[in-house]
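Written out below as structure tokens is the structure these notes cover.
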Amino acid sequence: MKQIPYIAAQVFLLAPLLVGALFGKNDFLENHSEKRLRNVPHNLPSQTTILYLSENSISTLLQSDFSYLSKLNFLNISHNLITELDFSIFSFNSDLQYLDVSHNSLRSVSCDSLHHAGHLKHLDLSYNRFATLSSCREFSFLLDMKYLGLSALEIHHSDFEEIKELELETLFLGLEDLSVYEKRSLQVLNANKLHIAVPTSTQGHSLLLDAFNASRTLELSNIQCEAPCDYPTESLSQISKSSRIKTLIFHNITLSFADITIILQSVLCSCVQYLNIYRMTVVYELPYFKFDFSRSFLKELTIKHLINKVTLYHGIHPVRMFSEMVVENFTLSDSDLVYFYCPPETNRFHLLDVSENRITDDTFQNCTTLSHLEILHLQSNMLEDLSKVSAMTVAMRSLKYLDVSKNFLQYEKSKECFWSETLVILNVSSNELADSVFECLPANIQILDLQKNQITSIPKVLKSLTFLEELNVASNRLTDLPDCSNFGSLAILNVEMNSILSPSSDSSHKCRNVTKIDARNNPFLCNCDIREFISQVKASPERLIGWPKSYRCEYPEDMRRTLLNNFNLSELSCNTTILLVFVLTTTVVFVLCIYFLCIYFNLPWYVRMLWQWIRTKYRVRNMTTQDLQRDLLFHAFVSYSEHDSGWVKNSLLPKLQKEDGSIRICQHERNFVPGKGIVENIINSIEKSYKSIFVLSPNFVKSEWCHYELYFAHHRLFCESSNSLILILLEPIPPYLIPKRYHKLKALMARRTYLEWPKDISKHGLFWANLREAIQVNLPPCEQELDNLLHTSQTYEENYI
Ligand SMILES: *[C@@H]1O[C@H](CO)[C@@H](O)[C@H](O)[C@H]1NC(C)=O
Ligand SMILES: *[C@@H]1O[C@H](CO)[C@@H](O)[C@H](O)[C@H]1NC(C)=O
Ligand SMILES: *[C@@H]1O[C@H](CO)[C@@H](O)[C@H](O)[C@H]1NC(C)=O
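The end of the sequence shown is residue 1003 by the numbering used here, with every number in the run present.
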């Protein structure tokens, strides 16, 4: 277990590569690492394809542990305590391709069982307790094997015999603790890439010399030389002599700068074309040094994660050294670099990658020597001013691709921008740019990445970007699609994760020539406005990336999570003209219906009657008994013209007077007291009656007496302010019939509601009921006087008319 920190880095590089390639759509991952397990857990889901059991305390593996996992493809059981491995336990796992049993306590492998592992592509047996590599003959059966990891304390001639036939991509040898190495043992190897965790003992010297000829790619990891060291510097300085290596990778090395210069200068004299250095720690200071590239084949130099513990320097700044590298592609990233010097003479750089440093805007200003540079990576630095970044590119006459993403870039409107005319791809994502950025863009840009900025809208009027093919404004704060008519060639538009509620029909119309639009994850507002957009999309759904699954309503609340594809609103609820027409039509129809109802069923008459009835009911209820203490004798006094007496006697009286005499009507023919004057009789009768009923008709108007009666009744009406007057309109009275002096009658007719005698027989019932209700009141029982009155029957007809 001691080697863990050493090997961690190696494993680091490999793991993402492998897992990345592995994980697909149908993979089912079970992660049980670091769970202090002593046994393989049972009852894992049988569809498991990827199983992590690393960093536990498992000591034995049984067939029953895995036999039910018929789909198992990847098993990582590294960093456990396994002592024996019999491959027959995997006889039911015919899909198993990746097996990592490194960092266990294996002393031997059961060779007879190896044919059960015939499908393995990746087998890591490194960092176990094998004394020798002595791999068994059966290894030659593993024809699919691409990666093999081994480690040993001793390496002898015959050790690689068994695997020399395998066409390995990578052979990893974890040899930190190597004590014996027989010369030329490595030479039989046949692997594209040889990866050696370098021995600490000087036994490694001859191993490294052999390694220089064993493959075309060599990775050396875990070289730790805090103090100046002879080995492995001595070994590496011999790389120039007859080595086959094209690609040399150092990983996790610690050296003094003196050792580094010796090693690098030797590499520059060798056939090495690609040199990658990951995690290099320079102990002591890092001074300036001029490397000699005159005999070098080096095309690409990559340095990632350079750590320099001492920053002291004298004379020329050591960083200058990097701008003098003569390679096509140079990467110096994640190394705390604050400045990159402009190369002193026209330089060969095609690609320069100084990402993940602390470089500022002042770098590369007025730099004319980078005229071959096509690709410049400056992401994750300290750039702040977009106009300065544009000025930095002006003299780069070949620059095509600039990546300044993940900086702190802003743009102030007043400043001018000067971009290299050759620039076609610009990545300014993850900055602090606002809408104004559209005034500072390269004229010939084809691909523009503006995602993760602060853009709220794309100006309608801007210098048109005729060549722009791909525009990415995802993760900004746009509220609508841009006006695509400014971008004549636009084919791909990404507006994912913005604040687009409903794309306006104008803009979605203007973007109709864009072949791919990504508008996923916007908070769509599902109302009338979005219908146009949806119908456009439905016409050609293949244009919209992620349609329909990734397009859902966010608002209104009750529509939340509804797919836009399923959202529907009727034409009626959205179109105001149609809505207006609809409402108007219904109103007209309704009014017409009411009108016809009135005409056919005389509705207003019923309503008036009903109203009258309710009012009377109310009045009677509010009347105190004291009001009735007056000596009333009759419920009503009827006044009518002699010409209408037929109707009064045959219709009115029989309907009102009940047989039990509970309603008493005063009639002049019957109840006038003989001997008294007519006027006196009239006044008497009116005063003794609760109500006065007047039967109005043209005849009534002609009768003088009738008018007297009305006059007195009306007078009483005002004196006692009670509504004792009831007018029945027996026949309509044309106004011209009423003589001028009868202004009282005129006024009454105009002001007071009167009951109209309905011609329709069906309405008579309601008429009588209404009238009876109007005169209904509790009167004291009959007295003698009344009796007399009631039984005196005398006619005053002659005088009366
Ligand atoms: C297996 O697990 C170990 C520890 O978790 C990890 O370092 C290693 O990269 C894994 N192996 C593979 C092949 O993924
Ligand atoms: C330099 O990098 C570019 C871009 O990654 C690549 O296309 C080119 O092949 C590289 N040059 C060499 C010599 O490897
Ligand atoms: C721009 O940079 C971001 C982050 O560095 C990256 O994810 C994206 O793929 C880049 N875009 C292009 C077009 O290369």
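From the three backbone atoms N, C-alpha and C, an ideal C-beta is built for every residue, glycine too.
Any heavy atom of ligand 2 closer than 6 Å to the Cβ of residue i?
i	result
L604	no
K501	yes
E530	yes
L601	no
L553	yes
With residue i as the anchor, note down where its alpha helix (DSSP H) starts and where it stops.
i	result
F292	Here F292 belongs to no alpha helix (DSSP H), and DSSP marks it neither H nor E.
L782	T778 to F803
D720	Per DSSP, D720 belongs to no alpha helix (DSSP H); it is in the beta strand (DSSP E), K718 to D720.
G967	H966 to I977
I561	No alpha helix (DSSP H) holds I561; DSSP gives it neither H nor E.
D267	Q265 to F268
With a cut-off of 8 Å on the beta carbons, I'd call residue i and residue j a contact; round off their distance for me.
i	j	result
F495	L470	6 Å
T624	K602	6 Å
C427	D379	The pair is not a contact, with the Cβ atoms about 17 Å apart (cut-off 8 Å).
A838	I895	5 Å
I928	L957	7 Å
A976	K893	7 Å
S387	H358	6 Å
L670	L692	6 Å
Specify the secondary structure class of residue i as computed by DSSP and reduced to three states.
i	result
F341	helix
A319	helix
T595	helix
S423	strand
A211	Any reading at A211 must be qualified, since the residue scores a pLDDT of 38, below 50, and its modelled position is unreliable; the value itself is stated next. Helix at A211.
Q612	strand
T994	Legend: pLDDT at T994 = 41, less than 50; position of this residue unreliable, value from coordinates given subsequently. Note: T994 maps to coil in three-state DSSP.
N1001	For N1001, the pLDDT reaches just 37, beneath the cut-off of 50, and the residue's location in the model is therefore unreliable, although a value from the coordinates is still provided. In the structure shown, N1001 sits in a helix (DSSP, three-state: H, G or I).
T533	strand
A460	helix
R762	coil
V630	coil
V390	helix
I465	helix
T435	helix
D361	helix
S442	coil
M482	strand
S709	helix
Looking at residue i and ligand 1, is the gap between the Cβ and the nearest heavy atom below 6 Å?
i	result
N258	no
D302	yes
S691	no
N282	no
N688	no
S535	no
N278	yes
S235	yes
Taking the alpha-carbon of residue i as reference, which of the options has the nearest alpha-carbon?
i	options	result
V528	Y543, L503 and D536	L503
K654	V663, S905, N510 and Q612	Q612
G376	R331, L411, D346 and L794	R331
N531	I577, I649 and A593	I577
I284	S290, L345, N278 and S261	S261
V484	D361, T456, R497 and I464	T456
F268	I252, E257 and L670	I252
H909	L932, A393 and V881	V881
T658	I649, E672, Q648 and S677	S677
K443	T435, T449 and S468	S468
T548	S557, D536, E526 and D563	E526
How about residue i: is its Cβ closer than 6 Å to a heavy atom in ligand 3?
i	result
Q581	yes
R651	Checking the sequence shown, residue 651 turns out to be Asp, not Arg. Under cutoff, so the answer is yes.
N633	no
N629	yes
S677	no
Which residue marks the beginning of the beta strand (DSSP E) containing residue i, and which one marks its end?
i	result
A416	Unbroken run through A416: none, as it is neither H nor E.
G376	L370 to G376
L604	Y603 to D605
V903	Run containing V903: none in the beta strand (DSSP E); it sits in the alpha helix (DSSP H), P900 to K904.
I252	I252 to Y254
Could you tell me whether any non-hydrogen atom of ligand 5 is closer than 6 Å to the CB of residue i?
i	result
S444	No copy of ligand 5 occurs in the structure displayed; its ligands are ligand 1, ligand 2 and ligand 3 alone.
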